[in-house]
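Numbering (the working numbering), first residue to last: 945 to 1048. Beta carbons are placed, not taken as given, at the ideal position from N, Cα and C, and that holds for glycine. Data block below; observations after.
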């Protein structure tokens, strides 16, 4: 609308920040019993917030990227942007055990 951006971050970097927070919160929702399963998270994300169905929902996305890679990126963001990017316990456990949310 004619304003100047307040950041020197690229649109890709901003999208990654939003995406990382979303998948971290999705994993936290399973930890806290807010959702019962990755499948519930899939349905909620697709129909609730418009998550791209082709990505398979936040949990398939996390499985595809890998918990280790996600926790690394979240920890890097936590150093730059604060503790709101700290990976939740569920992601840390999955990264250590090289586990996925869905068993194939």
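What is the DSSP secondary structure of residue 986, counted as helix, strand or coil? For the purposes of this step, residue 986 is taken as the residue at position 42 of the chain shown. In this structure, residue 986 counts as helix in the three-state DSSP scheme.
Measuring alpha carbon to alpha carbon, tell me which of 947, 965, 1004, 1042 ends up nearest residue 1022. In the chain shown, the residue the question calls residue 1022 occupies position 78. Of the listed residues, the one whose Cα sits closest to residue 1022 is 965.
Rounded Cβ spacing between residue 975 and residue 1034 (contact assumed at less than 8 angstroms): Counting from 1 along the chain shown, the entry for residue 975 is found at position 31. Counting from 1 along the chain shown, the entry for residue 1034 is found at position 90. Indeed they touch by this definition, with Cβ atoms about 5 angstroms apart.
Counting beta carbon pairs with one atom in the segment 1004 to 1024 and one in the segment 1037 to 1046, are three or more of them shorter than 8 angstroms? yes
Where the alpha helix (DSSP H) containing residue 1017 begins and where it ends: Counted from its first residue, the chain shown places residue 1017 at position 73. Residue 1017 -> alpha helix (DSSP H) spans 1011 to 1025.
How is the alpha helix (DSSP H) around residue 999 delimited, first residue to last? The sequence position of residue 999 within the chain shown is 55, counting from 1. Residue 999 -> no alpha helix (DSSP H), and no H or E assigned at all.
Taking 6 angstroms as the limit between beta carbons, can you name the residues of its chain near residue 1029, skipping five residues before and five after? Taking the chain shown and counting its residues from 1, the one referred to as residue 1029 is at position 85. Taken in chain order, the residues that qualify are 1018, 1021, 1022.
Three-state secondary structure (DSSP) of residue 969: Here residue 969 refers to the residue found at position 25 when the chain shown is read from its first residue. The answer is helix: DSSP assigns residue 969 an H, G or I state.
So the alpha helix (DSSP H) residue 1033 belongs to, where does it begin and stop? The sequence position of residue 1033 within the chain shown is 89, counting from 1. It spans 1033 to 1041 - the alpha helix (DSSP H) in which residue 1033 sits, taken as one unbroken run.
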